[in-house]
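Residue numbers (the numbering used here), protein chains in the order written: chain A, 2 to 622; chain B, 107 to 505.
Notes follow once the structure below has been shown.
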């Protein structure tokens, strides 16, 4: 376990592992290769296949005063790179066990036996060539050794020369039957060859039961606990009516976001909160007031106003008849502040959103939200039709982005332009006619839902005379195929058609299609709708592929998915117990927004805690 | 006596050497004899050549155990010579038909092993020349010291027929109707070898006599274990209840080993939501959502149709998901048609802040049994386990 060498250990009985701290094996930055330090790879003790018990229990005492025997392998180099002359040297150590032993080695790559060369007279050390990158499984049987620590199997990842690296996130969600918090870490994947993560140690965490309190007592709230060491491993919780929340957290400081469920209490972010702290304090924060008015300065009532300060929302306020509002928030100097104003649908006005870091909410001030001048049009009487037949009960969502300026938000003398989003809905009567519905005069779109799953996007330019009819085209069938990197059809592959643009604004759902024979995919899409195509293969034959912003007509006959490499490892919780039936997800590290929460690949760990999934191959130079 | 012998030895060099030197060679032989006798008597020393003692011999198993046919046996000669002389050995081992007669060398074939070392190692033969099974071995050992004294040993070891061995195990993703249940019988026979063992499978169905199939399952043999063969069967039942599969192995001598395995086959159970994200608010509470959020079911447990799917499994399928939404003012919950994946995106900006939106997911396995709870129930469990739910509902507050 010295720097420069990777070590793997088996310790009796065969179902046990206790050399070092398995949890410690995966702490740190989580790099798999290229770190130049200790590379620890998964340990599979021979004989584990049958039952799997707690690691570390019942260690074999070889008559040496109580010290358990330990069989360990040390790889040199710890992060080998394949090459015509590259070799890996493996030495074994059977400690706490006197005697003279025989050593029976085996090395496999993709199921094929690799020749080994003794490197010591007693064969306790070997070397083997690694011309091909991949996961080499090194197994050792110690003949004459104690029965309970006489075998060890250890994979070691041999990197491809010139491998390019890419950062991903590994997320593990333990099953509800296992007491452990969500786990997340960054991992570096080197391209060109499969990678073994070794043992991924999951911390059991600790149970905390803090009180969310404000002057006057505990309050119910929604909470998010983000450990400082792994901000993505957010644990959620709800404080009950008395303010107590129960959560299982990592034993480290957390950033806690609290959204109280009572009026007058401001949501708050608490940094560096220690799980040993029994209190989570909230209060009314600062009372921020302002008004919402139209372009002429007339107050607008019924407008929902909310601020978001560095991601923490304020309370939600509705403007009064005089356009005034008041929200509770916790100002933070230099924070990014988002002000949103959502008018009542009947107003026909867009939702305003303004963002700035220049606003200073720390001093008493007023928030002035003002719309620019809009010409409003009434859709009343427009008939929704399909092939000239009226569509009774059609649901119409008028959507559009009003650029560049839909209004302004001024705070403390700093005025910022606000963009406007239109989302105004209406439902046609039995004759297909729309009721009175005001919308801004702009180049908008209507997302029309004829029936569940039957929808279309229709241009609706309200800058000119309104049309008499809204003709809704039929859904459009598409046929495409998903192919492997070698152009083979990927039967069982999955295509998610994620609505974008107008469809997304109308909250149209993602369509989910499974490939049939030869990877063929068929679906019906909303005419005029734009989609992101997200291909992925649950069987791991190829890496996921995302094709952005396609309409039915621009979807190709087939898509060839990029190469994947296999990523595998083994989950151990609490340092001793294999973690089976846990959700294992690989997520994008560079992504932002909702894409950051969409897994690239996912799988459940098996009864031995092992998992394997396909991730995009970063390739080689 | 011992003193006398030692005395003689003391004088041996003393007396024999002068004689050998030939100082009285010229005298007549009769005179020499008389003179020599008188001389010896006068000196008071009479030399008598020592008597060579017979060595003793014993035969011992290196590891004491019952002997079976084909066993590898190691015998050790326990040789003892009173004078400490080196010995030579002659082993003969004979296969015999009867332990009672073997002591008299009756019913034995010729020696199948001979040896001259102090240790004899051999494999017990399976059969006699007559093809009858070997039931005893007769071991003779003759030891001879360097003066030719001989000791003989005889041992008769009864040879027993090793019973065939049998290990039976079952494996299945779930023990439910229609699910393939794999059965593996690993068998061997110490003396006859696994290839000479007959294997017999019997399936005992429940009283209701449901149909079933029982087909061969190819099992790769363990190249490192030639002493055993593993046979496999796949049982697919069409009915619930207690099933028993009995496996019998029989060696050529009729010895049998039998092992039953009990299988409780249950009806297919509905799938279970095992994980969901984000957290579901408790009754009366809402989940505040201010950013686009992925609502997902990362894990579903089921007899057959799990999520995430298991790659390459010919039996297992995957879960079907159905999502629906109830928005403020909507007359009813609306299905999100086409959203049959394990997740949906929820963008709160598509709604008005303050809206309470209900997002619901229901899961189905291949039987696609409708979730039958009232629409107002946030969760639904259709099986006997209330912890296994097929419906989950998030009550979301748009922020």
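Positions of the beta carbon are idealized from the N, C-alpha and C atoms, including for glycine.
Test item: CB-CB of residue i and residue j under 9 Å
i, j, result
"residue 292 (chain B)", "residue 269 (chain B)", "no"
"residue 491 (chain A)", "residue 516 (chain A)", "yes"
"residue 500 (chain B)", "residue 472 (chain B)", "no"
"residue 424 (chain A)", "residue 535 (chain A)", "no"
"residue 211 (chain B)", "residue 238 (chain B)", "no"
"residue 434 (chain A)", "residue 381 (chain A)", "yes"
"residue 386 (chain A)", "residue 473 (chain A)", "yes"
"residue 614 (chain A)", "residue 494 (chain A)", "no"
"residue 278 (chain B)", "residue 231 (chain B)", "no"
"residue 76 (chain A)", "residue 144 (chain A)", "no"
"residue 173 (chain A)", "residue 584 (chain A)", "yes"
"residue 344 (chain A)", "residue 298 (chain A)", "no"
"residue 617 (chain A)", "residue 508 (chain A)", "no"
"residue 262 (chain A)", "residue 222 (chain A)", "yes"
"residue 425 (chain B)", "residue 451 (chain B)", "no"
Length of the line joining the Cα atoms of residue i and residue j
i, j, result
"residue 253 (chain A)", "residue 229 (chain A)", "7 Å"
"residue 332 (chain A)", "residue 314 (chain A)", "11 Å"
"residue 394 (chain B)", "residue 217 (chain A)", "23 Å"
"residue 333 (chain B)", "residue 300 (chain B)", "6 Å"
"residue 116 (chain B)", "residue 193 (chain B)", "Reliability fails at residue 116 (chain B), whose pLDDT of 40 lies under 50, so the model's placement of it is uncertain and no value is given."
"residue 166 (chain B)", "residue 179 (chain B)", "11 Å"
"residue 449 (chain A)", "residue 529 (chain A)", "11 Å"
"residue 603 (chain A)", "residue 566 (chain A)", "14 Å"
"residue 131 (chain B)", "residue 253 (chain B)", "Its pLDDT being 43, under 50, residue 131 (chain B) is placed unreliably by the model, and the measurement read from it follows with that caveat. So the two alpha carbons sit approximately 30 Å from each other."
"residue 365 (chain A)", "residue 291 (chain A)", "11 Å"
"residue 460 (chain B)", "residue 168 (chain A)", "38 Å"
"residue 74 (chain A)", "residue 558 (chain A)", "51 Å"
"residue 391 (chain A)", "residue 404 (chain A)", "33 Å"
"residue 248 (chain B)", "residue 156 (chain B)", "24 Å"
"residue 85 (chain A)", "residue 307 (chain B)", "53 Å"
"residue 184 (chain B)", "residue 169 (chain B)", "14 Å"
"residue 455 (chain B)", "residue 318 (chain A)", "16 Å"
"residue 186 (chain B)", "residue 163 (chain B)", "6 Å"
"residue 407 (chain A)", "residue 445 (chain A)", "14 Å"
"residue 329 (chain B)", "residue 246 (chain A)", "57 Å"
"residue 487 (chain A)", "residue 619 (chain A)", "17 Å"
"residue 503 (chain B)", "residue 463 (chain B)", "6 Å"
"residue 191 (chain A)", "residue 165 (chain A)", "6 Å"
"residue 21 (chain A)", "residue 288 (chain B)", "Only weak support exists for where residue 21 (chain A) lies, its pLDDT of 28 falling under 50; the value from the coordinates is given anyway. Cα to Cα, residue 21 (chain A) sits roughly 39 Å from residue 288 (chain B)."
Cut-off 7 Å between Cβ atoms - residues of its own chain near residue i, not counting five sequence neighbours on either side
i, result
"residue 580 (chain A)", "175, 179, 203, 572, 573, 574, 606, 610"
"residue 427 (chain A)", "380, 397, 435, 436, 438"
"residue 134 (chain A)", "83, 159, 160, 161, 193, 194"
For residue j and residue i, believed in contact at Cβ under 8 Å, the rounded distance
i, j, result
"residue 151 (chain A)", "residue 72 (chain A)", "7 Å"
"residue 478 (chain A)", "residue 523 (chain A)", "7 Å"
"residue 303 (chain B)", "residue 357 (chain B)", "5 Å"
"residue 381 (chain B)", "residue 405 (chain B)", "4 Å"
Residue i: contacting residues in chain C (beta-carbon distance under 8 Å)
i, result
"residue 429 (chain B)", "Among the chains of the structure shown, chain C does not appear; the protein chains present are A and B."
Residues of its chain near residue i, where Cβ-Cβ distance is below 6 Å and the 5 sequence neighbours each way are ignored
i, result
"residue 263 (chain B)", "173, 243"
Contact set for residue i: own chain, Cβ-Cβ below 8 Å, skip 5 residues either direction
i, result
"residue 235 (chain A)", "183, 225, 226, 227"
"residue 495 (chain B)", "378, 379, 485, 486, 487"
"residue 222 (chain B)", "194, 195, 196, 197"
"residue 560 (chain A)", "481, 482, 483, 484, 534, 536, 546, 548"
- Item | Interfacial residues, the region 415–438 of chain A to chain B, with Cβ spacing under 8 Å | 422, 424
- Of all the residues that make up the region 79–106 of chain A, which are near chain B by a beta-carbon distance shorter than 7 Å? none
- Compile a chain-ordered list of the residues in the region 475–487 of chain B whose CB is closer than 7 Å to at least one CB of chain A. none
- Query: When Cβ atoms are compared, which residues of the region 576–590 of chain A fall closer than 9 Å to chain B?
  - Reply: 582, 583, 584, 585, 586
- Quick one, which residues of the region 488–512 of chain A are near chain B if we go by CB-CB under 9 Å, in chain order? 493, 495, 497, 498, 499, 500, 505, 506, 507, 508, 509, 510, 511, 512
- Task: Please list the residues of the region 378–391 of chain B that have a C-beta atom closer than 8 Å to any C-beta atom in chain A, keeping them in chain order.
- Result: 380, 381, 383, 384, 385, 387, 388, 391
- If you measure beta-carbon to beta-carbon, which residues of the region 444–475 of chain B are closer than 9 Å to chain A? 444, 445, 446, 447, 448, 449, 450, 451, 452, 453, 455, 456, 457, 458, 459, 460
- Task: Name, going along the chain, the residues of the region 593–615 of chain A whose beta-carbon falls closer than 7 Å to a beta-carbon of chain B.
- Result: 594, 595, 598, 599, 603, 604, 605
- Listed from N- to C-terminal order along the chain, which residues in the region 153–178 of chain A have their beta-carbon within a distance smaller than 8 Å of any beta-carbon of chain B? 174, 176, 177
- Task: Scan the region 343–356 of chain B for residues whose Cβ lies nearer than 9 Å to a Cβ of chain A and list them as they occur along the chain.
- Result: none
- Identify each residue in the region 252–274 of chain A for which the Cβ-Cβ distance to at least one residue of chain B is less than 9 Å, and report them in chain order. 260, 262, 268
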